[in-house]
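Chains as they are written, first to last, in our numbering: chain A, 1 to 262; chain B, 263 to 327.
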């Protein structure tokens, strides 16, 4: 197994996973989506809310704000020494105390821990008009995407099989129908010959196979996968990838132990 | 208020709303969305079809209660 990055920055990655299997690719994708813990606001205490939005709507909106996460510093609540009651090792409180007229942004939250702050400071939460006031304490904790989508560290995480397109030179009569018919513009002409130029764009539609009267084209599946991941900023993409693999390893080891005990 | 995340794909869009409003003063919605790097049509429709209800409420602010 090998990984080759095509495009990468802190919140976006496109890479090829080589010589793997579809089971591994899919379990990795699912682990990245639903088993990597991140911080998000779990519940809020509303002391005063005279805005136009209900408390529940505010709670929902605040919950969706991504928070920068430090996985070393905090424990998941069910594994914490406090047995899930909530202590400084597993939760952070963010305070919000504002008065209108003003648009309240995510950057207005004052966090107990300067490391756990909203990733973006310019997310509008609610617009306050004259004489309206908000006093809120939001409590954030670690959670996984399995529990609620707000804990997901990635907004888009997908893979596709990279195909292998073979053109039989003996049969091909250079009619160029495959070039016309391909919706993703995969083929190109080079030295009076049809070449596969943009293999990563191919979507397995098999239009070229149908269009070829000489039956010269075959499209095969390979064991290479093209991953596209878009992060939300709570954790860098590489950390998400690594953490997902750690979780998978842990689960596999647990399965081994169960099998041995049977 | 403008939604924080896209209803369909869950990517963050709330942080781009203020910049989108600024860009609309000089540009068409298409150019603004392209500049903000919003690629998928699920996220794009969130911007194009948004209507702020809180502003409608605000017209009656102080009139009742």
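Cβ atoms here follow ideal geometry from the backbone N, Cα and C, with glycine treated the same way.
Residues of chain A whose Cβ lies closer than 8 Å to the Cβ of residue 264 of chain B are, in chain order, 124.
Below the 8 Å Cβ cutoff, chain B contributes 320, 323 as neighbours of residue 129 of chain A, in chain order.
With a threshold of 16 other beta carbon atoms within 10 Å, residue 42 of chain A meets it and is buried. Just measuring C-alpha positions, the residue of A:95, A:151, A:22 sitting nearest residue 137 of chain A is A:95. In the structure shown, the three-state DSSP call for residue 190 of chain A is strand.
Every unbroken stretch of the beta strand (DSSP E) spanning 3 or more residues and falling wholly within the segment 206-234 of chain A is given here in chain order: 217-231. Ranked by Cα distance from residue 222 of chain A, the first of A:213, A:162, A:205, A:99 is A:162. By the criterion of a C-beta distance shorter than 7 Å, residue 51 of chain A is surrounded in its chain by 126, 128, 132, 134, once the five residues flanking it on both sides are discounted. Scanning the segment 8-93 of chain A from its first residue to its last, the whole alpha helix (DSSP H) runs of 4-plus residues come out as 22-34, 55-63. At least one C-beta of chain A is nearer than 9 Å to the C-beta of residue 316 of chain B. Residue 274 of chain B is positioned such that its CB atom lies no closer than 9 Å to that of residue 34 of chain A. Assigned with DSSP and collapsed to three states, residue 106 of chain A falls in helix. Residue 9 of chain A counts as exposed, since fewer than 16 other C-beta atoms from the protein chains shown sit within 10 angstroms of its C-beta.
With a cutoff of 9 Å on beta-carbon distance, residue 140 of chain A and residue 39 of chain A are scored as near each other.
Below the 9 Å Cβ cutoff, chain A contributes 64, 65, 66, 119, 120, 123, 155, 232, 233 as neighbours of residue 274 of chain B, in chain order. A Cβ-Cβ contact shorter than 9 Å links residue 11 of chain A with residue 232 of chain A. Residue 18 of chain A sits away from residue 228 of chain A, with the two beta carbons spaced by 9 Å or more.
Taken through DSSP and simplified to helix, strand or coil, residue 308 of chain B comes out as helix.
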